[in-house]
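All residue numbers for the sequence shown refer to my numbering, where the first residue is 3 and numbers rise by one.
Positions of the beta carbon are idealized from the N, C-alpha and C atoms, including for glycine.
These notes concern the structure reproduced below.
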Amino acid sequence: MNVLKRNTLGRTGLEVSELCLGTLTMSYLQAGIPPESTEPVFQKALAMGIDFFDTAHRYRTDEHVRLGLGQRLADVTIATKISAATIEEAEPQLAETFTGLGRQTVEIMLMHQVESADAFEARRPVLDRLLELKRDGRIRAVGFSTHTIAGCEAALANADRIDVLMPVINRRGLGIADGSLSRQSEVLAEVHRAGVGIYAMKPLAGGLLRKEAVEALNFVRGLEFVDSVCVGVKTVQEVELNAAIFSDGQLEISRQALDEAAHRDRRVFVNFMCKRCGACAERCDQGAMTMGGQRAEVDPKRCILCGYCAEVCPQFAIRVI
C-alpha cells in the first residue's frame, strides 16, 4: 500500500519517497544481519512505497540491498557512499560498490563524512572522479555526507559542484559536532535554496530519541529544506512502524510497536578483547570514547550509536547492541 509522500531531491530530477530506508543498523557494525536474511525487510519496504535506499562501502551492506531488492533492484533509487580520501583508495571502493550492488549505474554516490572545507578540498580528486563517472552516465548525482556545520558550509560554498548533501539532523541537535541546530538549519536552508538535494540522517540520533520517535521524525519531515529522511531499520515491524508515521494518518501507528521500540535498549558494548589501543577514541568525532582502566569506555551522553568505532577496532571488541 503506497501512502508515502514523494519529493524531488533538489535539482537532480530524482523523485524519491520521503522515507529513505537506511542499512547501517543491519550492517556488521550494528545488528550483523546476514545479507540473505534481509529480503522480507526490503520487500515490505517496497510494498509500503519506499523506493529510496541508503548504503555505504563502509557498511558492507551492498549485498543486503542487492539480495533484498531482488528483481526490483533496477526500479529504485540507491544512494551510497565511499570513504576514500585519495584516487588510489577510491578506485577499488567504486569497483566493489558497483559489483556488490550488481548494477552498472548508481543514482547517488557520495563522499562519506566530509567535515570541513579543508577536508572537501583534500578530497577534491575523489569528487572529480565521481563527476567523471557522472558525465559517463554511471552516476546521476554526487555529493557528500557530513556530521558538522562546517561540512554544511562547505556544501554551500560548493553548491555548483555537488548535487546532494546528507547531514545529521534531529530535533535535539544531537550528533552535530560543532554547533547548534539553529545555526545548522540556517546553513542548510541556504544549501537547499542553491539547488542541492538534502536527505537527512540520524533523525532519531541513532536511537537516542526512540522514546519520542513520532515527534522526532515529524520534526525533521517538517523542515522545508529536507527532501527525504533516512531511517535505519532491521525488521519488518520497524518498516511498518516508520511507514505509518510517514503516512500522515493513512496507516494506523501500532502503539505496541511504538512502545517496544521506545523501550528497546541500545548501547555500544566493549568486550574483554579490548587492548586499549585508542583507535576508537581517535575515530570518534563525538568525543564519546575514552580509555578506561581495563578497556575503552563510552559516554552515553555523547555517543550517537553510529558504530564507526567498531569499524576501526583491530580486536573486533566493539559492537552496537
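Rounded Cβ spacing between residue i and residue j (contact assumed at less than 8 Å)
i: residue 232; j: residue 15; result: The pair is not a contact, with the Cβ atoms about 20 Å apart (cut-off 8 Å).
i: residue 204; j: residue 177; result: 5 Å
i: residue 17; j: residue 6; result: 12 Å between Cβ atoms; not a contact.
i: residue 12; j: residue 41; result: Going by Cβ atoms, the distance from residue 12 to residue 41 rounds to 31 Å, so no, they are not a contact pair.
i: residue 50; j: residue 241; result: 6 Å
i: residue 305; j: residue 285; result: About 12 Å; that fails the 8 Å criterion.
i: residue 313; j: residue 60; result: 6 Å
i: residue 151; j: residue 189; result: 6 Å
Whether residue i touches residue j by CB criterion (9 Å)
i: residue 9; j: residue 229; result: yes
i: residue 132; j: residue 144; result: yes
i: residue 146; j: residue 195; result: no
i: residue 166; j: residue 201; result: yes
i: residue 171; j: residue 211; result: no
i: residue 142; j: residue 198; result: no
i: residue 95; j: residue 309; result: no
i: residue 191; j: residue 206; result: no
i: residue 321; j: residue 270; result: yes
i: residue 300; j: residue 293; result: no
i: residue 288; j: residue 179; result: yes
i: residue 70; j: residue 36; result: no
Cross-strand partners of residue i (DSSP beta bridge)
i: residue 170; result: 203
i: residue 234; result: 24
i: residue 9; result: 18
i: residue 69; result: Residue 69 is not bridged to any residue.
i: residue 277; result: In DSSP, residue 277 forms no bridge with anything.
i: residue 118; result: In DSSP, residue 118 forms no bridge with anything.
i: residue 145; result: 112, 166
i: residue 50; result: Per DSSP, none; premise fails for residue 50.
i: residue 150; result: Per DSSP, none; premise fails for residue 150.
i: residue 83; result: 112
i: residue 320; result: 272
i: residue 299; result: 292
i: residue 56; result: 24, 81
Among the options, the one whose alpha carbon lies nearest that of residue i
i: residue 160; options: 139, 119, 127; result: 119
i: residue 298; options: 90, 315, 40; result: 315
i: residue 48; options: 76, 121, 193, 250; result: 76
i: residue 112; options: 195, 148, 184, 320; result: 148
i: residue 55; options: 207, 186, 168; result: 168
i: residue 154; options: 134, 136, 185, 172; result: 185
i: residue 139; options: 260, 105, 269; result: 105
i: residue 57; options: 285, 235, 209; result: 235
i: residue 88; options: 114, 70, 74, 110; result: 114
i: residue 22; options: 245, 59, 188; result: 245
i: residue 213; options: 241, 262, 253; result: 262
i: residue 307; options: 91, 29, 110, 208; result: 208
i: residue 295; options: 222, 303, 280; result: 280
i: residue 323; options: 282, 256, 266; result: 266
i: residue 85; options: 268, 68, 121, 74; result: 121
i: residue 163; options: 174, 183, 193; result: 193
i: residue 260; options: 249, 243, 183; result: 243
Within-9 Å CB hit, residue i to chain B
i: residue 93; result: In the displayed structure, chain B is absent; only one protein chain is listed.
Next on the checklist: Closer than 8 Å is the cut-off here; do at least three beta carbon pairs connect the region 70-90 with the region 265-277?
Outcome noted: no
Item to check | Touching by the beta-carbon criterion (3+ pairs, under 8 Å), the region 89-109 and the region 56-64 | outcome: yes
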